[in-house]
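Heads up: the structure comes next, in structure tokens.
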Amino acid sequence: MADKRRFYVIGFLMLMAFDTLAQISFKVAGTQALPLEFSADWLLRVFGQPWIYGAFIGYIGAFFAWMTLLKHAPIGPAFAASHLEIVSVLALSWLLFDERIGWPQITGGLFIIAGIVCLAFSEEQDAAPETLHATPPDILAGAARGPHG
1 MADKRRFYVI
11 GFLMLMAFDT
21 LAQISFKVAG
31 TQALPLEFSA
41 DWLLRVFGQP
51 WIYGAFIGYI
61 GAFFAWMTLL
71 KHAPIGPAFA
81 ASHLEIVSVL
91 ALSWLLFDER
101 IGWPQITGGL
111 FIIAGIVCLA
121 FSEEQDAAPE
131 TLHATPPDIL
141 AGAARGPHG
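Here my numbering is used: the first residue of the sequence shown is 1, the next is one more, and so on.
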């Protein structure tokens, strides 16, 4: 169980890191390619920035991390935890770009973290063997025959 938990922690940290790299890289590349215009010069400015390639690496890394996690992790907590990059991007935007973070953003980030924790705990409880919801074989046999059978 400890190996599985370590796999999840490392996997979701990698997913968050790749997603965060992609979002921060897009922000920097987009800012450095201003002014926005539909022209060949603008495309050259965008693809001349090393940060755009950081964004591509981030998205490709996030894709492979997500696919690997989906093979093993329960979908509910996995989907919720995949949104941790919202919190990390919010924090890094404040640190790197001096963006204003207000109480709505802080509250939203705390709700994201609380939701992930709740789903993780509920998934652990669901993993325990359940005997109360077992279906007797005769009910399953009757369902297979149909309502009149």
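Built from N, CA and C at the ideal position, the CB exists for glycine as well.
In the three-state DSSP reduction, residue 85 falls in the helix class (H, G or I). With a cut-off of 8 Å on Cβ pairs, the region 77–86 is in contact with the region 104–112, counting three or more such pairs. Shown here, residue 48 sits in coil according to DSSP, grouped into three states, outside any helix or strand. Taking residue 18 as the centre and dropping the five residues before and after it, the same chain places the C-beta of 58, 61, 62 and 65 closer than 7 Å to its C-beta, in chain order. Rounded to the nearest whole angstrom, the CA to CA distance from residue 42 to residue 49 is 11 Å. Between residue 114 and residue 77, the beta carbon gap of about 13 Å keeps them out of contact (Cβ cut-off 8 Å). Assigned with DSSP and collapsed to three states, residue 38 falls in coil, not helix or strand. Judged by DSSP secondary structure, residue 19 falls within the alpha helix (DSSP H) whose first and last residues are 2–32. In the structure shown, residue 76 falls within a helical segment according to DSSP collapsed to helix, strand and coil. Going by beta carbons, residue 55 and residue 25 fall inside the 7 Å limit.
A residue is called buried when at least 16 other Cβ atoms come within 10 angstroms of its Cβ; residue 67 does not meet this threshold and is exposed.
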